[in-house]
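Visitor: I'd like to ask you about the structure that follows.
Number of protein chains: 2
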Amino acid sequence: MIAEVLTIGDELLRGEIVDSNKSFLSERLLRIDVHTRFQASVCDTPADMTDAFLRAASRSDVVLVSGGLGPTRDDVTLEVLAKTFGFELKLHEPSLRALEAFFERFGRKMAESNVKQVLLPEGSEALPNPVGTAPGCLLEAEDTLFFCMPGVPRELYQMMDEQVIPRIAARATGKGGVVRSTLLRTFGIGESSLEDELADVARDEHVSLGFRTSFPDNFLRPIARGASVAEADERLARLCASIRDRLGALVYSEGEDQSLEAVVVGGLVERGLRIATAESCTGGLIGAKLTAVPGSSATYLGGVTAYANEAKVAHLGVATELLETDGAVSEPVALAMARGARERFGADLAISTTGISGPGGGSDEKPVGLVWIALSTAEEEVAQEFLFPLDRERHRVITAQVALDWIRRHLLGEEHVAPRYLLAPRPKSPAAPFGTGAAS
Amino acid sequence: MIAEVLTIGDELLRGEIVDSNKSFLSERLLRIDVHTRFQASVCDTPADMTDAFLRAASRSDVVLVSGGLGPTRDDVTLEVLAKTFGFELKLHEPSLRALEAFFERFGRKMAESNVKQVLLPEGSEALPNPVGTAPGCLLEAEDTLFFCMPGVPRELYQMMDEQVIPRIAARATGKGGVVRSTLLRTFGIGESSLEDELADVARDEHVSLGFRTSFPDNFLRPIARGASVAEADERLARLCASIRDRLGALVYSEGEDQSLEAVVVGGLVERGLRIATAESCTGGLIGAKLTAVPGSSATYLGGVTAYANEAKVAHLGVATELLETDGAVSEPVALAMARGARERFGADLAISTTGISGPGGGSDEKPVGLVWIALSTAEEEVAQEFLFPLDRERHRVITAQVALDWIRRHLLGEEHVAPRYLLAPRPKSPAAPFGTGAAS
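So the sequences go chain by chain: A and B. Sequential numbering from 1 applies to the first sequence in my numbering. Sequential numbering from 441 applies to the second sequence in my numbering.
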């Protein structure tokens, strides 16, 4: 099955918006093992759209179209599509009633211009849009399926998942059974090591494994096929189990939307533990990540961002002598920060960061990229030195991620931070510890 | 001049990476007033690439190609391009020497496979790549200019700005003079109000004005043409001045990369002021934004993230009675938090946030979306209530942005936060205060 993604809209061609709809649509297809062969974008100029439709019909079996379903004059996708293949537009009564109900629900009157949105090509199938005004539609023309969807991401996402994917999957499974997939997220191993480690894990013809770098993590997409859902699920579970077998705690979550911070918050809440943070170089990033998770108030008490040395002394109880003798970026200061946060917030555990994210502030002894992270509980206190030779932004992001991962591993009963992502202090030839090769 | 952007690579079609190269290339063209008419992506399958090249030659004057210049077997862009239009590949000696020098600089030996990267189509012009191994090239075929560039963003960006843009601008200016542009960032006014306000500001045929929403900001791109750089610059300056005239302090920066936090940090450092933060619902986000700016340690002392009520009492000196009588999300608590942070960190000013970002935690009296922000200096203390009916993530982002903008306006000598982005407390029909219509 040859799939094509076609997005329509002047704003895309201006380049001032990154068109994430294209990657969304292709990625969703991949989950059912359908590979996108072409992607294209055109302005809402009818001639260019016609051209794109004809070309798509000539080379693809399924075309996912997004954009141009709105009520304004520029929104002409259905009109042009119908004309291109010789169909008439016709008022679709059920969609009109749904549209009227939509406006009624919000206590607003429907504008005349909205009626245009329910003029669908004759012979097409309407795709309901419960979260917006524009229904989508499926039109078959010249043996090609055109799925037209809104460009507004929230509406597109829901229509794709609820209406389009099941229809495509049904056609695809007519040929090759059911497809199931999931997402495994890993942290602490580079992409090439990951590929080496898992080179022979998906050798069976019924399963496959995709790789993706999403700095600072690496994601895996296991896909399995079967004659039935049960068979595909069973194969998927077996594949995931053998991946976990090899990678152990390097896999931090399974499922489509499980961030590291969500895993950490979940683990802490489950164990009834309360946490505090003491941040220097990350400047609040760890707290911001934890509190991005709904319900984090059940475990996160708060933290001190101690950017200035005086703040480390006054608010975390770091001894002035330590700062003078060892410096702010040092093991004793990292330990004192974590301990101070834990004690002062009355937390069960606390994490601290102190480092030099650059671009300035480095020295021969303490180069840019150096960072100390410490974890403190009533039972143990551990600090670890890292050197991340990355720019300021990535240095802060990876430091926050290591800190979060360390908490996760601590909850798993692992004593220390994962040995694989340890960098010896000040290695002679600094190398990025993580796969950063996100070619795009 | 009809421009087309063509990106090549299997990873793009899988959709697991958002292809930001396309938007980068189109946006750079827009800066010299060249509009992209087509965007396409194909896998590195030679047949599909040939097809895309032929089509591009038939419809476009300039084609920007990215990807497929690497040393591996899959990297066949130049080979396929040459073959498509009947050119031979030829070793380009100067590029070979540059490549050897590149490896020497890093003390590494060049691999045999790298030689392939300096085989360029006969008659093409090499485009140097100072930050990577693959030179780009410019090939003219069937009256169309093909600029081939690497897919690695860092290499692409530099080659586009230094090699490609000047060449395209030279051709374009042959027809219509010099083009100059800049970026104005605004915060606190919705996109449609902005368009209304500025509807007649660029009526002159030599200038134009583009709009873009980048939540929670709205960006403006003024563009001016002239017979000379001086003339274009003068027209651009005049356009910017009349925009600023109408919008006043709603414009927070001018130039390509000036974030609000960079403006705030710059303003504080310039005045020798030191700042502290007291964050509840934003959970460290304001601190993380401030410290993302290099050199922020000259002004940012630190802050307390007081997520739990006990933390507000213990670390910011908020009176327990206030929390009991008024609740955590209230004017007196916001004021006490800001004052506490300012006094305890010894700062000149402090900002605080306390609100309900949702999805849970709301009540009839204090609905999800409610937030209090306060600013405290030795001379004045002000608090303001907002209702942002947005999801958790956007609620936190806009709250942090209002807080930063308030600091900026305070430095400008404005007493209060911008009246335009005030929402009356608990309006009867909640409406998003900002343009959020980023269709993508």
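Don't be surprised by glycine CBs; every beta carbon is placed ideally from N, CA and C. Values in this document were obtained by computation on a predicted structure and should not be read as measured data.
The beta strand (DSSP E) that contains Asp657 (chain B), what's its start and end?
Guide: Taking the first residue of the second sequence as position 1, residue 657 (chain B) is located at position 217. Segment 657 to 666, the beta strand (DSSP E) holding Asp657 (chain B).
Visitor: Hey, is Lys556 (chain B)'s beta-carbon within less than 8 Å of any beta-carbon in chain A?
Guide: By one-based count along the second sequence, residue 556 (chain B) stands at place 116. Chain A contact via Cβ: absent.
Visitor: Rank B:Leu730, B:Thr485, B:Ile796 by C-alpha distance to the C-alpha of Phe826 (chain B) and give the top, closest one.
Guide: Within the second sequence, residue 826 (chain B) is the residue found at index 386, counting from 1. The option with the nearest alpha carbon to Phe826 (chain B) is B:Ile796.
Visitor: Can you name, in chain order, every residue of its own chain whose Cβ lies under 8 Å from the Cβ of Glu4 (chain A), other than the five neighbours on each side?
Guide: Translated into the one-based positions of the first sequence, residue 4 (chain A) becomes position 4. If we look at Glu4 (chain A) and ignore the five residues flanking it on each side, its Cβ neighbours are Thr36, Arg37, Phe38, Gln39, Ala40, Ala56, Arg59, Ser60, Val62, Val63, Leu64.
Visitor: Does DSSP classify Pro561 (chain B) as helix, strand or coil?
Guide: On the second sequence, position 121 is the one that residue 561 (chain B) refers to. Three-state DSSP puts Pro561 (chain B) in a strand.
Visitor: In angstroms with no decimal places, state the Cα-to-Cα distance between Phe24 (chain A) and Phe828 (chain B).
Guide: Position 24 of the first sequence holds residue 24 (chain A). Position 388 of the second sequence holds residue 828 (chain B). Between Phe24 (chain A) and Phe828 (chain B), the C-alpha separation is close to 27 Å.
Visitor: Using only the alpha-carbon positions, how far apart do Arg246 (chain A) and Glu197 (chain A) sit?
Guide: Here residue 246 (chain A) refers to the residue found at position 246 when the first sequence is read from its first residue. Here residue 197 (chain A) refers to the residue found at position 197 when the first sequence is read from its first residue. Computed Cα separation, rounded: 7 Å.
Visitor: On a Cα-Cα basis, can you pick out the residue from B:Ala751, B:Gly508, B:Val703 that is closest to Ala781 (chain B)?
Guide: The count along the second sequence starts at 1 and reaches residue 781 (chain B) at position 341. Residue B:Ala751 is the option with its Cα nearest to Ala781 (chain B).
Visitor: Could you check what DSSP says for Ser113 (chain A) in three-state terms: helix, strand or coil?
Guide: As a working note, residue 113 (chain A) is residue 113 in the first sequence. Three-state DSSP puts Ser113 (chain A) in a helix.
Visitor: Could you check the C-alpha separation between Glu819 (chain B) and Arg779 (chain B) for me, to the nearest Å?
Guide: Position 379 of the second sequence, counted from the first residue, corresponds to residue 819 (chain B). Position 339 of the second sequence, counted from the first residue, corresponds to residue 779 (chain B). Near 11 Å, if we compare the C-alpha coordinates of Arg779 (chain B) and Glu819 (chain B).
Visitor: So what does DSSP say about Arg108 (chain A), is it helix, strand or coil?
Guide: The residue given as residue 108 (chain A) occupies position 108 in the first sequence. Reduced to three states, the DSSP call for Arg108 (chain A) is coil.
Visitor: Using 8 Å as the threshold, is the stretch 725 to 737 of chain B in touch with the stretch 280 to 296 of chain A, meaning 3 or more CB pairs across them?
Guide: Touching, per the Cβ criterion.
Visitor: Enumerate in chain order the residues of its own chain whose CB-to-CB distance from Val118 (chain A) is below 7 Å, with the five nearest sequence positions on each side excluded.
Guide: Residue 118 (chain A) sits at position 118 when you count from the first residue of the first sequence. Once the five neighbours on either side are set aside, the close Cβ partners of Val118 (chain A) are Leu91, His92, Ser95, Leu96, Leu99, Pro135.
Visitor: Measure the alpha-carbon distance for Leu578 (chain B) versus Arg396 (chain A) and round it to whole angstroms.
Guide: As a working note, residue 578 (chain B) is residue 138 in the second sequence. As a working note, residue 396 (chain A) is residue 396 in the first sequence. Roughly 39 Å between the two C-alpha positions.
Visitor: Can you list, in chain order, the residues of the stretch 464 to 490 of chain B whose Cβ is nearer than 9 Å to any Cβ on chain A?
Guide: Residues Phe464, Leu465, Ser466, Glu467, Arg468, Leu469, Leu470, His475, Thr476, Arg477, Phe478, Gln479, Ala480, Ser481, Val482, Cys483, Thr485, Asp488.
Visitor: Check whether chain A comes within 8 Å of Gly809 (chain B), counting only Cβ atoms and requiring the distance to be less than that.
Guide: As a first step, residue 809 (chain B) must be located in the second sequence, where it is residue number 369. By this cut-off, Gly809 (chain B) is not an interface position.
Visitor: Which chain A residues sit within Cβ distance under 8 Å of Val744 (chain B)?
Guide: Counting from 1 along the second sequence, the entry for residue 744 (chain B) is found at position 304. Simply Gly302, Gly303, Val304, Thr305, His315.
Visitor: Looking at chain B, is there any beta carbon in it that lies within less than 8 Å of the beta carbon of Val17 (chain A)?
Guide: Numbered from 1 along the first sequence, position 17 holds the residue referred to as residue 17 (chain A). Per the sequence shown, the amino acid found at residue 17 (chain A) is Ile instead of Val. For Ile17 (chain A), the answer is yes, since a Cβ of chain B falls inside 8 Å of its Cβ.
Visitor: Of the choices A:Glu261, A:Glu343, A:Pro359, whose alpha-carbon is the least far from that of Ser737 (chain B)?
Guide: As a working mapping, residue 737 (chain B) is identified with position 297 in the second sequence. Closest option to Ser737 (chain B), Cα to Cα, is A:Pro359.
Visitor: Name the residue from A:Ile8, A:Thr45, A:Gly70 whose alpha carbon lies nearest to the alpha carbon of Asn129 (chain A).
Guide: By 1-based counting over the first sequence, the position of residue 129 (chain A) is 129. Looking at the Cα atoms, A:Gly70 is the closest of the given residues.
Visitor: Can you give the beta carbon distance from Ala814 (chain B) to Met777 (chain B), rounded, assuming they're within the 8 Å contact cut?
Guide: The count along the second sequence starts at 1 and reaches residue 814 (chain B) at position 374. The count along the second sequence starts at 1 and reaches residue 777 (chain B) at position 337. Indeed they touch by this definition, with Cβ atoms about 7 Å apart.
Visitor: Using 10 angstroms around the beta-carbon of Leu453 (chain B), count the other beta-carbons present and answer buried if the total reaches 16, otherwise exposed.
Guide: Start at 1 with the first residue of the second sequence, and residue 453 (chain B) comes out as number 13. Result: buried.
Visitor: Can you name, in chain order, every residue of its own chain whose Cβ lies under 8 Å from the Cβ of Gly9 (chain A), other than the five neighbours on each side?
Guide: Within the first sequence, numbered from 1, the residue matching residue 9 (chain A) stands at position 9. Here the set comprises Ser41, Cys43, Asp44, Gly67, Gly68, Gly151.
Visitor: Can a CB atom of chain B be found closer than 8 Å to the CB of Thr291 (chain A)?
Guide: If you number the first sequence from 1, residue 291 (chain A) lands on position 291. Judged by the 8 Å Cβ criterion, Thr291 (chain A) is in contact with chain B.
Visitor: Going by DSSP, what residue range makes up the alpha helix (DSSP H) through Lys462 (chain B)?
Guide: Residue mapping note: residue 462 (chain B) aligns to position 22 of the second sequence, counting from 1. Where Lys462 (chain B) is concerned, the enclosing alpha helix (DSSP H) stretches over 460 to 471.
Visitor: Would you kindly work out how many angstroms separate the C-alpha atoms of Ser693 (chain B) and Glu11 (chain A), rounded to a whole number?
Guide: In the second sequence, residue 693 (chain B) corresponds to position 253, counting from 1. In the first sequence, residue 11 (chain A) corresponds to position 11, counting from 1. So the two alpha carbons sit approximately 23 Å from each other.
Visitor: Name, going along the chain, the residues of the stretch 387 to 407 of chain A whose beta-carbon falls closer than 8 Å to a beta-carbon of chain B.
Guide: The stretch 387 to 407 of chain A vs chain B, Cβ under 8 Å: Arg392, Glu393, Arg396.
Visitor: When you compare only the Cα positions, how much space is there between Pro656 (chain B) and Phe627 (chain B)?
Guide: Numbered from its first residue, the second sequence carries residue 656 (chain B) at position 216. Numbered from its first residue, the second sequence carries residue 627 (chain B) at position 187. Distance between the alpha carbons of Pro656 (chain B) and Phe627 (chain B): 7 Å.
Visitor: Pull up the distance between the alpha-carbon of Arg834 (chain B) and that of Ser770 (chain B), whole angstroms please.
Guide: Within the second sequence, numbered from 1, the residue matching residue 834 (chain B) stands at position 394. Within the second sequence, numbered from 1, the residue matching residue 770 (chain B) stands at position 330. When rounded, the distance between both Cα atoms is 21 Å.
Visitor: With which residues is Tyr300 (chain A) paired in a DSSP beta bridge?
Guide: Against the first sequence, residue 300 (chain A) aligns to sequence position 300. Tyr300 (chain A) is bridged to A:Ile275.
Visitor: Cβ closer than 7 Å: which chain B residues qualify as neighbours of Pro359 (chain A)?
Guide: Position 359 of the first sequence, counted from the first residue, corresponds to residue 359 (chain A). Per Cβ cutoff of 7 Å: Pro734.
Visitor: For Glu701 (chain B), is the classification buried or exposed, using 16 other Cβ atoms within 10 angstroms of its Cβ as the cut-off for buried?
Guide: If you number the second sequence from 1, residue 701 (chain B) lands on position 261. Glu701 (chain B) comes out buried.
Visitor: Against chain B, with Cβ distances strictly below 8 Å, would Pro419 (chain A) count as a contact?
Guide: Here residue 419 (chain A) corresponds to residue number 419 of the first sequence, with the count starting at 1. For Pro419 (chain A), the pLDDT reaches just 47, beneath the cut-off of 50, and the residue's location in the model is therefore unreliable, leaving the point undetermined.
Visitor: Contact between the stretch 176 to 184 of chain A and the stretch 221 to 229 of chain A: three or more CB pairs below 8 Å?
Guide: Contact between the stretch 176 to 184 of chain A and the stretch 221 to 229 of chain A is present, because at least three Cβ pairs lie under 8 Å.
Visitor: Find the residues of chain B that neighbour Ser330 (chain A), judging by a C-beta separation of less than 8 Å, and give them in chain order.
Guide: As a working mapping, residue 330 (chain A) is identified with position 330 in the first sequence. Going along chain B, no residue has its Cβ under 8 Å from Ser330 (chain A), so there is no contact; the nearest lies around 17 Å.
Visitor: Inspect the beta-carbon positions of Arg185 (chain A) and Gln258 (chain A) and report whether they are closer than 8 Å.
Guide: Within the first sequence, residue 185 (chain A) is the residue found at index 185, counting from 1. Within the first sequence, residue 258 (chain A) is the residue found at index 258, counting from 1. Yes. Within cutoff.
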